[in-house]
Amino acid sequence: MFHKHTYLLKVLIPLVALMASCSDDDRYIGVVPEQISPVIFNIDSLPYTNLSTYNFFEGNMSNLDPVYGVLPYDLNSSLFSDYALKKRFIWMPKDSSATYINDFTSFDFPIGTILIKNFFYNDVLPNMVTKLIETRLMIKREDDWTFANYEWNDTQTEAVYTSDNKFVNFDWVYKGEPKNVNYKIPGISECFTCHNKYGTPLPIGPKPQNINRNYSYEDGSKNQLAKWVEQGYLKDNFPTFINSLVSWSDETQPLDLRIRSYFDINCAHCHSDESYCEYAPMRFAFNETEDLSNLGVCVESIFYINPDISYVVKPQDIDNSALYYRLNSNQDQYKMPLIGRTLKHEEGVKLIEEWINSLNTDCD
Amino acid sequence: MIKPTNKNSDIMKKKLLIIIAIGILPVISLAQISSNSCDDAETASPIIGNTVYTVDGFDGTAVSTSCSTTGIGTHGEWYKYTPTSDMYIYITSELSQNFNVAGGNNSHDTFVHIFTGTCSNLSCIAGDDDSGYQDTSRTGFSVVANETYYIAWDNIWDSASFDFKIVEIDTDLMITFTNSTINAPGLDRGVVDMNGDHLDDIVSIHSTNITINEQQPNGTFSSTMYSTDGIYSASWSMAAADYDRNGYTDLVYGNSSGAHVLKANSDGTAYSVAATSHSVFTQRTNFVDFDNNGDLDIFLCDDVAPNEYFINDGTDLTLWEGDDPNAPIAEGLGLYPSGGNYGSIWIDYDNDGDADLFIAKCGGEPARRQNELFKNNGGLSFSDVSVNTGMDKVLSTWSSAWADFDNDGDMDCFVGSSVSSEPHVFMTNRLEVPLDGNGNPIDGGPLFEDTTSTALPEGFYSFGHENVPYDFNNDGYVDIFSNGNMLINKGDGTFVVYSYNTTNPDYEPREGAVGDLNNDGFLDIFDSGRIKYNDLNNDNNDRNWLKIALNGTSSNINGIGARIVVSSPSFNSNATNKSQIRDVRSAEGFAYMSSLNAHFGLGTDTSADSVTIYWPSGTVDVIVNPTINQTLVVTEGETLGLPSTASDDMILFPNPTKRFLNINMNVIGSERAIYTVFDITGRRVLNNRLLSNTIDVSMLSSGNYILRIINNGKINTQKFIKQ
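So the sequence lines, in the order shown, correspond to chains A and B. Just so you know, the first sequence maps onto residues 353 to 716 in the working numbering. Just so you know, the second sequence maps onto residues -5 to 717 in the working numbering.
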């Protein structure tokens, strides 16, 4: 069942500043210095050519060990990207914080916010090592978000700015079996294709509905929203109850919440009002999918695939469901998501099949 | 295969094939009241076709047998219909007045049964619940002359009043197909001649191979698979042309991650990647000669960024991103930053002898999906004329069908919507009205007029990506094949919609590449491993035809960009219907490559008076009294061209000139007046419509030139000197 998340009362970071008095008195009170984030943020020089210039990480950059102020976070459900693993971080300039708008819209982030998303694989063959592929940044500037992508070198010592798309081919071991991927690093136009509404760039992942969960920080597990408040990154004026996604792979969760969470993070950024494919009738955002017709159930499929498919989703009939066909396809012109994957998400397709077979609406 | 032009007695006994001009009855809502039972309907007057009737609520007897699995309601309202000839009809409540108005609750969920027989012994012939848009009903079937049909509307879902109509389609207009499967592994993308024999072949591809099913003169296909070395398939589109002029057709593939140009070797026995873009999310691809140097260039629509193109200098293909400040086309041809470019097509919309660009756009904010029309000014210069021409509609479109649908000598356009939330748009070109010096109508209105409601009187509620124009029944009026429907051109400014059963087991055509796959002069369709052969052929109807294959010399070898004009007794400058026109294009629609041969239906004309080819180079060829019902192959410059009048008739002043040339002929307003300037090597350096008596030649370098004016099929030439 759905858990109502509470959060701790906000904790004030004590700022103690005492003036030392130059008196005959030998006593003095030490000043506890305010911790300052060492991230190098020179807004006019952004984006830098090298990822290292930002100084997000300490030690070997490939360890992704964040400096103070670079806060790790995770999502309830995350986008399928050819099985790449992701480590996400957020940073904001001093004395700036984000504001809650509603459960299903990304926070109103202050200028200077940087969202950092690192894509990597474990058990990469032949040596069973971890391989970082790319680090995607979104930087909030005066008017708009800017995208910047960094491709990691083979020695994993640096990642360099790139705006072109590129394929990286390798094998890795997934669930005990070797798998090959011709991984595509997106070009800058592709970033925008998903990350926009009516021409305005915007983030997708960090919405309250997807941030509302616990994370194991170095100093213990805590709700992420609470941690962001504690860090000074989020104003403490959001509701106690947030209608949140679940982890789609969590089999203890109800099927309908799992599938709606899956569709939200994989599909809603294009299939929503003012987005890339707003002209198709589907609306996959979590807050809109209690209505089955927004998921395409019993909705006629007007984009021709083959003569056997008439519906977006036909209950208990995956062969007559365009949605199933597309998630199950690797064909360039049929697959969904349209960009962002080259492999099939086997587990996602199974979930969709289970869901379609669980429906009992009669389309006629 | 040449077929005798004189056919009389062999023809199956059918009525005279007069092109349909049966006056369309005005669509009025008659007060014909429905009957409460079959017996009452039997004694009442029958209803007639093409007329709107209102079912004014339900209180009559329900049917006893349902003609559909839906069931039976509590009441029925009955009508009788007796066709006067054999034909195909639709009984339809898919009329806009029945649709749900936003915020309202008046959509009409209708249901209909249709019977033959007698009231005491009815048998179902058809029934329909929700085939129409928004749960209205629409069902089609063949009817027999003088037979009585009983129509019973059923209130199982809805008892409110609604309108319906019987749409009649004369048998002569019907366009149907019969399937024949063929092994074509991979994406079935093309029906186009690949080996220079002008017979359309079938092309299907994977990223690593091409299969060509080569049409043989006896109608069979000979299949060969060629390995290729690329990484991208033609997932989104394929176009074809012989861009390197070696006699074997080359291909361009459009893919999400890039585009490949696949070149045939010197004897068509191998194909290899000649050029690639890795930076384009390709949609429609085209071969077209932008700079008119005789070498075909390639245009690539980009879904997510400004469009790209390859320029062909005769040896190499150079890729340009449209927004590159160094790119040779300064205007870029579609520079919207986030793209939205879906269906590019190259047509001569202003009849000035060069190929202009229309882009059907889709997705995102209104500015992103606003369609664009670019006028070709020559010399790699283009102007965005979207607003002035009225072609700047904000729609969700993937392709458009361009043809002279109303046979008045200029290209009209059907922009097909891909979604029910945006309407289709039919735009009629008004090029025949008085124009100012900029080519805009003097009356201040846009060049293209939205005539959707007159062109499609019953509306059209089927949506998708593919819209292509072809004369499928060879009656001389170009039809539109649109996503499993044929918009059949009735020749009177209207189209009637005939819908195919595209699913199992009929697999009638939904979309595909169009060409002549049995060389019988009637166009066929290929898609998903099935050839859909046109059921019309030379033995079962009176219609004649002509196919024209071009062989360019100064122009590109396929004649892409050429305007072809065919005059015949029913279609000429003196008749109501003007000479028929085609622009040679690569390609039509969205995804497929259709035949490069120009195809004309001649109706029942038993001869053609002339075929005129306006080549992109400026050459004009005229073939007088060509043999019809065959493929006419025209090599550029092989004919004597248009009759030329003595040069004394045209005086140019000042001559020599530094800037302007004034002409002493009265040619303003003539629809086909075009001026062309050739340099002393015969190369075309200027070309445009002649809209006034003055021509600006200031951009020419100094030297000797020839000015040629083509006006109403006549040529005037005069030399001049540019200082």
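Backbone N, C-alpha and C define an ideal beta-carbon position, used for all residues, glycine too. Keep in mind the model is a prediction, meaning the values are calculated, not measured.
How many Å lie between residue i and residue j at the Cα?
| i | j | result |
| --- | --- | --- |
| residue 614 of chain A | residue 694 of chain A | 18 Å |
| residue 519 of chain B | residue 176 of chain B | 13 Å |
| residue 20 of chain B | residue 45 of chain B | Note on residue 20 of chain B: pLDDT 45, under 50, position unreliable in the model; the coordinate value appears next. Cα to Cα, residue 20 of chain B sits roughly 7 Å from residue 45 of chain B. |
| residue 18 of chain B | residue 161 of chain B | Low per-residue confidence applies at residue 18 of chain B: pLDDT is 43, beneath 50, and the placement is therefore not dependable, though the value from the model is reported in the following sentence. Approximately 11 Å, taken between the alpha carbons. |
| residue 698 of chain A | residue 130 of chain B | 40 Å |
| residue 501 of chain B | residue 495 of chain B | 6 Å |
| residue 249 of chain B | residue 549 of chain B | 29 Å |
| residue 251 of chain B | residue 359 of chain B | 23 Å |
| residue 201 of chain B | residue 256 of chain B | 11 Å |
| residue 415 of chain B | residue 231 of chain B | 25 Å |
| residue 107 of chain B | residue 32 of chain B | 12 Å |
| residue 143 of chain B | residue 77 of chain B | 9 Å |
| residue 665 of chain A | residue 696 of chain A | 19 Å |
Compare the beta carbon distance of residue i and residue j with 7 Å and say whether it is the shorter of the two.
| i | j | result |
| --- | --- | --- |
| residue 365 of chain B | residue 349 of chain B | no |
| residue 326 of chain B | residue 298 of chain B | no |
| residue 511 of chain A | residue 403 of chain A | yes |
| residue 407 of chain A | residue 391 of chain A | yes |
| residue 296 of chain B | residue 274 of chain B | yes |
| residue 316 of chain B | residue 301 of chain B | yes |
| residue 305 of chain A | residue 423 of chain A | The structure shown does not extend to residue 305 of chain A, since chain A is modelled only from 353 through 716, so no value can be given for it. |
| residue 662 of chain A | residue 672 of chain A | yes |
| residue 206 of chain B | residue 195 of chain B | yes |
| residue 723 of chain A | residue 585 of chain A | In this structure chain A extends from 353 to 716, so residue 723 of chain A is not present and cannot be described. |
| residue 338 of chain B | residue 280 of chain B | yes |
| residue 714 of chain B | residue 694 of chain B | no |
| residue 576 of chain B | residue 468 of chain B | no |
| residue 616 of chain B | residue 595 of chain B | no |
| residue 50 of chain B | residue 114 of chain B | no |
| residue 71 of chain B | residue 54 of chain B | yes |
| residue 266 of chain B | residue 223 of chain B | yes |
Within the continuous beta strand (DSSP E) that includes residue i, where are the two ends?
| i | result |
| --- | --- |
| residue 680 of chain B | 678 to 683 |
| residue 377 of chain B | 375 to 378 |
| residue 544 of chain A | Segment 540 to 546 is the alpha helix (DSSP H) holding residue 544 of chain A; no beta strand (DSSP E) there. |
| residue 669 of chain B | 668 to 673 |
| residue 493 of chain B | 489 to 493 |
| residue 407 of chain B | 406 to 411 |
| residue 151 of chain B | Premise fails: residue 151 of chain B is in no beta strand (DSSP E) and is neither H nor E. |
| residue 762 of chain B | The structure shown has nothing for residue 762 of chain B, since chain B only spans -5 to 717. |
| residue 580 of chain A | Element bounds for residue 580 of chain A: not the beta strand (DSSP E) but the alpha helix (DSSP H), 576 to 583. |
Classify residue i: buried if its beta carbon has 16 or more other beta carbons within 10 angstroms, exposed otherwise.
| i | result |
| --- | --- |
| residue 418 of chain A | buried |
| residue 8 of chain B | Note that residue 8 of chain B scores a pLDDT of 41, beneath 50, so its modelled location is shaky and nothing firm can be said. |
| residue 16 of chain B | Confidence is the limiting factor: at residue 16 of chain B the pLDDT is only 43, short of 50, which leaves the residue's position unreliable and the question unanswerable from this model. |
| residue 386 of chain A | exposed |
| residue 697 of chain B | exposed |
| residue 365 of chain A | Any answer about residue 365 of chain A is weak, because its pLDDT of 41 lies below 50 and its placement is not dependable; what the coordinates show is given next. With fewer than 16 Cβ atoms within 10 Å of its Cβ, residue 365 of chain A is classed as exposed. |
| residue 109 of chain B | buried |
| residue 188 of chain B | buried |
| residue 277 of chain B | buried |
| residue 716 of chain A | exposed |
| residue 483 of chain A | buried |
| residue 91 of chain B | exposed |
| residue 420 of chain A | exposed |
| residue 648 of chain B | exposed |
Ends of the alpha helix (DSSP H) at residue i?
| i | result |
| --- | --- |
| residue 37 of chain B | 32 to 37 |
| residue 693 of chain A | Premise fails: residue 693 of chain A is in no alpha helix (DSSP H) and is neither H nor E. |
| residue 560 of chain A | 560 to 563 |
| residue 541 of chain B | Run containing residue 541 of chain B: none in the alpha helix (DSSP H); it sits in the beta strand (DSSP E), 538 to 545. |
Do residue i and the ligand MN come close, with the Cβ less than 6 Å from some heavy atom?
| i | result |
| --- | --- |
| residue 690 of chain A | Of ligands this structure carries none, so the ligand MN is not represented either. |
(request) Could you name each continuous beta strand (DSSP E) segment of 3 residues or more that falls completely within the region 600 to 645 of chain A, going from the start of the chain to the end? (result) none
(message) Restricting to runs no shorter than 3 residues, where is the beta strand (DSSP E) found entirely within the region 407 to 452 of chain B?
(response) 419 to 423, 442 to 444
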